[in-house]
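**Student:** Quick note on our numbering: the sequence shown kicks off at 11 and runs consecutively. Even glycine gets a Cβ: it sits at the ideal position worked out from N, Cα and C. Model, not experiment: these values are computed from the prediction.
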Amino acid sequence: MVIAAEKAVGFAVMSGDRQIEVETRNGLAWAHLAGFTPAKEVLIILDEQAEKNPDSPALEGFLLMVKSFVEALLGDFDAARRHVERGIQILDELGLQHTAAMARGVFGWIETIAGDHEEACRRFNDARQGLEDSGDTAYLSTFMYQLGESLCELGRYDEAASAALYSRDITTPNDVLSLAGWRLVLARTLIERGEKRAGHKFLAEAEDIIRKMEGFTRAWLGLQAASVHMAAGGFAKAQEWLAEAREDCVRKGATALVATVDEKMALLQRSQFS
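#1: Quick check on M24: buried or exposed, where buried means 16 or more other Cβ atoms within 10 Å of its Cβ?
#2: If you run the structure through DSSP and keep just helix, strand and coil, what is A10?
#3: Indicate whether the contact test is met: 3 or more Cβ pairs, each with one atom in the segment 176-192 and one in the segment 255-266, closer than 8 Å.
#4: Is it a yes or a no for the segment 93-101 touching the segment 115-122, going by three-plus beta-carbon pairs under 8 Å?
#5: What span of residues does the alpha helix (DSSP H) with R166 cover, start to end?
#6: What I want to know is whether the C-beta of T34 ends up closer than 7 Å to one or more non-hydrogen atoms of the ligand GDP.
#7: Could you give the distance in angstroms between the alpha-carbon of R228 and the alpha-carbon of A255?
#8: Find out if the Cβ-Cβ distance for the pair L164, A173 is shorter than 8 Å.
#9: With 8 Å set as the bound, which would you pick, yes or no: does the beta-carbon of A246 sit closer than that to a beta-carbon of chain B?
#10: Check I63 in the structure and name its three-state DSSP category.
#11: Whose C-beta lies closer than 7 Å to the C-beta of H42 among residues of the same chain, with five residues either side of it excluded?
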């Protein structure tokens, strides 16, 4: 993923098309985030990109969006919130409403990692409005399933199911993140409502998708799969996913998510012996 993104940047630079170059550099930043480039190294890469392109406020807004996510993974939530807010401001001022809406969704991810699911829901709904207005479905499908995940954490399962079904209806066949995500949310809502057979069907489908994935996104979804198994009382499966997710998060240097995994492991142990 990173190699392909680097090649795209090279072609864009040779073409002399500044707009395409900005877009491909943004794509490269996301590739480093989604893969296993260590989080602290990603921050260095982002700062280098910003220094090389001081005359591009659009790229600054893009890079701040990615940087804020990385800072959240490192547990620096104050910096993450400050930088994503600045990114949104820049993108709004440039009239890049679609990208600003994406940044609002990233704010939702930041609050999810921070464990503030009420605030995460508010941010995902902010993103939803902007993405719907711009006609986007690609990012909207992802943020809607993630909204459902936060709603599950708040025990609002009917709303979570609605968000998952919305994500399902607009997810494209090649969007593996959303394809797995909405299934995980729907599985959990069904299991929480006692419809375990139907829930396990969607859970198994999601796991088949996740197992074919690589990079940090696999760890992100694996952590969510563990939560579904915990809701179903499947402690052994939950333990497997948590162990895999922890290994991947340590490799990424995502200290905030390592802490989340450890909390879930401790909860799992208490649940097994209660």
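**Tutor:** The structure says:
#1: exposed
#2: Shown here, the chain extends from 11 to 284; a query on residue 10 therefore has no answer.
#3: no
#4: yes
#5: Careful: R166 lies outside any alpha helix (DSSP H) and carries neither H nor E.
#6: Looking for the ligand GDP in the displayed structure turns up nothing, as the structure carries no ligands at all.
#7: 8 Å
#8: no
#9: Looking at the structure shown, chain B is missing, and only one protein chain is on hand.
#10: The sequence given here places Asn at residue 63; Ile does not occur at that position. DSSP places N63 in coil when its eight states are reduced to three.
#11: V12, V52, I55
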